[in-house]
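K.L.:
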Amino acid sequence: MGEHKRIVIEDYPVENLPEELRGGIEPGHRVTVTVEEASDRWSDLFRRIDAYQSANARPVTTEEAVARVRALRDEWD
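In our numbering, each residue carries its 1-based index in the sequence shown increased by 394.
Encoded structure:
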């Protein structure tokens, strides 16, 4: 699993930012700028799914899931 690159610059002058990144903040103010490397969304999603499944090793069958949902639904009836 690769780490995402992230750069944080605090106390950065707004006037040094391109106009489209200023977001209506007036010159003279100072901001924190965070730049993160874009991740491959699909590989990130699959990595998270794998991590979740590894942490929750007990698989649930369709029948178990349906029974749980019905039990919860019946609590409201």
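C-beta atoms are modelled at their ideal positions from N, C-alpha and C, and glycine is treated no differently.
Identify which residue in Arg400, Trp436, Glu409, Asn450 has its Cα closest to the Cα of Glu430.
P.N.:
In the sequence shown, the residue the question calls residue 430 occupies position 36. When C-alpha distances from Glu430 are compared across Arg400, Trp436, Glu409, Asn450, the shortest belongs to Arg400.
K.L.:
Per DSSP, what kind of secondary structure is Val454 in: helix, strand or coil?
P.N.:
On the sequence shown, residue 454 is found 60 positions in, with the first residue counted as 1. If DSSP states are grouped into helix, strand and coil, Val454 belongs with coil.
K.L.:
When you compare only the Cα positions, how much space is there between Asp468 and Ala451?
P.N.:
Residue mapping note: residue 468 aligns to position 74 of the sequence shown, counting from 1. Residue mapping note: residue 451 aligns to position 57 of the sequence shown, counting from 1. So the two alpha carbons sit approximately 28 Å from each other.
K.L.:
Please work out which residues of its chain come closer than 6 Å, Cβ to Cβ, to Glu409, disregarding the five sequence neighbours upstream and downstream, and give them in chain order.
P.N.:
As a working mapping, residue 409 is identified with position 15 in the sequence shown. Result list for Glu409: Pro421, in chain order.
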